[in-house]
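Read the structure below first, then the notes.
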Amino acid sequence: MSKLIGNAIFGQSGGPTSVINASAAGVFTEALRQTGVIEKVYGAANGIVGILNEKFYDIGQEDPAELKLLKTTPSSALGSCRYKLANPEVDDTDYKRILEVFRKHNIRYFFYNGGNDSMDTCNKISKFMQKAGYDCRVMGVPKTVDNDLYGTDHCPGFASAAKYIATTCMEVYLDARVYDTGMITVIEIMGRNAGWLAASAALASYKGYGPDLIYLPEVDFDLEKMLRDVQRIYQKENKVIVAVSEGVKTREGKYIPELVGELRVDAFGHKQMGGTASVLADYLRDKIDCKVRAIEFSLMQRCAAHLASLTDVEEAFLAGQTAVRCAVDGMTDLMVGFQRPAEGPYQCEINLVPLSKVANTEKKVPR
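Counting with our numbering, you get residues 914 to 1280 for the letters of the sequence shown.
Below you can see the structure in the form of structure tokens.
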């Protein structure tokens, strides 16, 4: 296959993680090496919004020492967005603008780093470029602490978040046992529809300091059953720690905060999470005569670089690096995923997944 010569652009989208910039470092490092094929490397400010607004960073002009620091810097260095592209069959205005920008700057390689919605964006853009007859190779670079992307064993960002959650659960466990008075602690963990993060709290149990109860969104949440579970453990131990995913819902399909009020929605139509632990703590406080506190791990679970997993950092870098290598080799419409053997010591291999299979598909905790 003949080489496709032109410029490359990389964007970040959705919620940041402690390792998302490691993927950026992987893309930039490899793309800058591809002299003779990739002529210029750009970073889009605030993801797809930066492309629409033609706001780029010329990565080749950046200090190499600063680019090296990306690998261990949390959050999204380029800025992120939650902008939803319309269905091109209904409104192709944004797609025409993207094509205009790509043509103007000779963008022949597009790398997008994100989760489910970002892979959907990649897929839509790739299909539109093909329909328009514009040769542009599109690769998705996975990112999500939720670990819910289809086609990959795990997602960059998840391992670091899981490490933070397990470590902090152990610390909360020890703190809760300082006094001889009764106490119930409700810990809220991220996860709208998939409970991988809440489930990772169980890792603390390997040291004997895990939560007593863990509730995942894959199972209908029963308020009265939770009360019975908490009462049973409290009567025996005088202490209870509950880990709950922010996205647990009742059998009727209501999120816990919806029991006391309405939730806002984002650009993708997703209800805004938060407040589950507080609602449950108020409920338990009315039912059980003891101190009840709510703890929301909040942003720290996704940005705590001081507890980042080294394996996670290296795999995030590898994902970005591999995306560039595959695109230069002629591949397109793929997301870089990972697979590993079912048994034996930990190993990780690249698994390329069609964007059409990943877009808007969730991988949940099996029951």
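Virtual Cβ for every residue (Gly too), placed ideally from N, Cα, C.
Taken in chain order, the unbroken stretches of beta strand (DSSP E) that lie wholly in the stretch 1084 to 1149 and span 3 residues or more are 1096 to 1102, 1126 to 1128. Nearest in C-alpha terms to K1120, of all of F1134, T1081, E1137, V1157, is T1081. With respect to the C-alpha of W1109, the residue from F1134, F1023, D1059, V1241 having the closest C-alpha is D1059. The C-alpha of P1279 lies about 42 Å from the C-alpha of N920. For P1267, the secondary structure class from DSSP, reduced to helix, strand or coil, is strand. Residue state for P977 is assigned as helix, using DSSP reduced to three classes. Between D1048 and L1247, the gap from beta carbon to beta carbon reaches 8 Å or more. For the alpha helix (DSSP H) assignment, the uninterrupted runs of no fewer than 4 residues enclosed by the stretch 955 to 1013 are, from N- to C-terminal side, 961 to 965, 977 to 982. Secondary structure at F1210: coil, using DSSP grouped into helix, strand and coil.
Within a 10 Å sphere around the beta-carbon of K1152 sit 16 or more other beta-carbons, which makes this residue buried. Under the 8 Å Cβ criterion, the stretch 954 to 970 does not count as touching the stretch 1049 to 1069, having fewer than three qualifying pairs.
Here G1160 is not near Y1147, since their CB atoms are 8 Å or more apart.
The beta carbon of F1041 lies closer than 8 Å to those of P1001, D1005, Y1008, I1011, L1012 in the same chain, with the five residues before and after it left out.
Counting only residues of its own chain and dropping the five nearest sequence neighbours on each side, K1277 has a CB closer than 6 Å to the CB of A1107, E1131. Look at R1215 here: in three-state DSSP terms it is helix. About 4 Å separates the CB atoms of G1027 and G927; that is less than 8 Å, so the two are in contact. Under the three-state reduction of DSSP, Y1063 is assigned to coil, being neither helix nor strand. Where N1026 is concerned, the enclosing beta strand (DSSP E) starts and stops at 1020 to 1027. Apart from the 5 residues on each side of it in sequence, G939 sits with its Cβ closer than 6 Å to the Cβ of F1230, G1233, Q1234 in its chain, given in chain order. Going by beta carbons, T1245 and M1052 fall inside the 8 Å limit. By the Cβ criterion, the stretch 935 to 950 is in contact with the stretch 1213 to 1230, since at least three pairs of Cβ atoms, one from each stretch, lie closer than 8 Å.
Taking each of V1155, F1210, K984 in turn and checking the Cα distance to V1143, the smallest one comes out for V1155.
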